[in-house]
Amino acid sequence: MNMIQTQVRSSAALQAVFVALVGLTLVFASGFAQSQTLHDAAHDMRHSTGFPCH
Amino acid sequence: MRHMLSSAVFAGFAAGLLCALLQYILVEPKILLAERYESGELVHFQGVPTAAAQADAMAKSMPGMEMSAAPAGLGHGEAEGSSPYRGALTVLFAVLTYCGYGLVLMGGIQIAEQIGIKLGLAQGVLWGLAGFAAFQLMPALGLQPDLPGTPSADLQARQVWWALTAACTAMGLWLLSYGHGLVQRAAGVALLAAPHVWGAPVLPEFAGVAPPELASAFAARSLGVGLITWMALGGMLVTLWHSEPAK
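Line by line, the protein sequences are chains A and B. Using our numbering, read the first sequence as starting at 217 and increasing by one per residue. Using our numbering, read the second sequence as starting at 709 and increasing by one per residue.
What follows is the structure, given as structure tokens:
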């Protein structure tokens, strides 16, 4: 019983880490990526949200 | 898992829309005005050169420093002005960014609940405040929100410092809030302070072309919008996450 609980808990923690990593990827793509198109499109949001921009 | 993703994305989507609306009313006018100074259309004090001319002069005097005023694309060189297309892109990226933040916050909240920490609406708002501190306020202590056309230090160095500050702040706040004993709490404080003791990459002199009143209004408003949006994100996220009985 205890082992099952531990497994459930560790799989939930893994899912949490996965969700956070997906979020970080999204944040870095919209806030940090320097391709010209992405930069131009995200320009005003980057300035107003405090990301380092150009 | 699906419930985690959908809670984060819905909360992030709504927070992104709120952020875009507040930015449109409070921040965008300052950006558009600053771009008229950046392009040289407006000049703060006669005889002050435009951003591009200043960047040239500074690049000559400080080799190795990357200037931000290189004329390229949106918001550089010519003032683009407001347009529905530009507004729509800003809304889109505000939504994407806050969906990303929502997912990061969701991951943290799930880990906290796994180790037995109970979270209600008030704690959700506090988690939002912590996110604001990690991703906007503490990085802004070293790298203030810059108007377009403000020359600043090497971009990559600033991005690295920004990311490390966000990570240190998040870990530091976790240890301060949920750590046990003096050692863990002291480590939390040390993590919060470390990036600022190290110091953010900044230029040795001031070279912005916009009036200081404009820059300070922009900085205050962008931080204010961030604060409101993050609190809303944290509150909505916890509410949505706890809304479904079968999770």
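Just so it is clear, CB atoms sit at the ideal spot from N, CA and C, and this is done for glycine as well.
Boundaries of the alpha helix (DSSP H) harbouring ASP260/A: 252-265, taken from the DSSP string.
The C-alpha of LEU734/B lies about 30 angstroms from the C-alpha of PRO912/B. At least one CB of chain A lies nearer than 8 angstroms to the CB of VAL735/B. Within chain A, the residues GLY239, LEU242 have their CB atoms less than 8 angstroms from the CB of CYS807/B, given in chain order. In the structure shown, the three-state DSSP call for PRO919/B is coil. According to the DSSP assignment, PHE718/B belongs to the alpha helix (DSSP H) that extends over 710-730. Look at PRO909/B here: in three-state DSSP terms it is coil, with no helix or strand label. Put simply, the CB of SER251/A is far from chain B, with every gap to its CB atoms at 8 angstroms or more.
No Cβ of chain A is located within less than 8 angstroms of the beta carbon of ALA842/B.
Scanning its chain for C-beta atoms nearer than 7 angstroms, with the 5 sequence neighbours on each side dropped, one finds around LEU741/B the residues LEU922, in chain order.
For TRP949/B, no Cβ of chain A is located within less than 8 angstroms of the residue's own Cβ. About 16 angstroms separates the Cβ atoms of LEU851/B and ALA902/B, ruling out a contact at the 8 angstroms cut-off. Here PRO920/B is exposed. Its C-beta has fewer than 16 other C-beta atoms within 10 Å.
Secondary structure note for GLN867/B: its alpha helix (DSSP H) is the uninterrupted segment 863-886. For ILE823/B, there is no enclosing alpha helix (DSSP H), since its DSSP letter is neither H nor E. At the C-beta level, TRP835/B and GLY816/B come within 8 angstroms of one another.
Approximately 17 angstroms separates the beta-carbon atoms of GLY942/B and LEU240/A; this is outside 8 angstroms, ruling out the contact.
With contact defined as three or more Cβ pairs closer than 8 angstroms, the stretch 822-833 of chain B and the stretch 875-884 of chain B are not in contact.
The beta carbons of ALA723/B and THR947/B sit about 12 angstroms from each other, so the pair does not count as a contact at 8 angstroms. Residue contact with chain A for ILE825/B: absent (no Cβ-Cβ distance below 8 angstroms to any residue of chain A). Neighbourhood of LEU750/B in chain A, by CB distance below 7 angstroms: empty, with the nearest CB roughly 18 angstroms away. The beta-carbon of THR798/B is placed less than 8 angstroms from the nearest beta-carbon of chain A. For HIS270/A, the number of other beta carbons within 10 angstroms of its own is at least 16, and it is reported as buried. For GLN831/B, the enclosing alpha helix (DSSP H) has its first and last residue at 829-840.
Within the same chain, Cβ atoms closer than 8 angstroms to the Cβ of ARG866/B are found at LEU851, SER860, ALA908, PRO909, the five residues on either side in sequence being excluded. Using a Cβ-Cβ cut-off of 7 angstroms, MET846/B is close to nothing in chain A; its nearest Cβ partner there is about 10 angstroms away.
Residue contact with chain A for ALA719/B: absent (no Cβ-Cβ distance below 8 angstroms to any residue of chain A).
Less than 8 angstroms divides the Cβ of MET814/B from the Cβ of VAL235/A. Rounded to whole angstroms, CYS727/B and ARG893/B show a C-alpha spacing of 33 angstroms.
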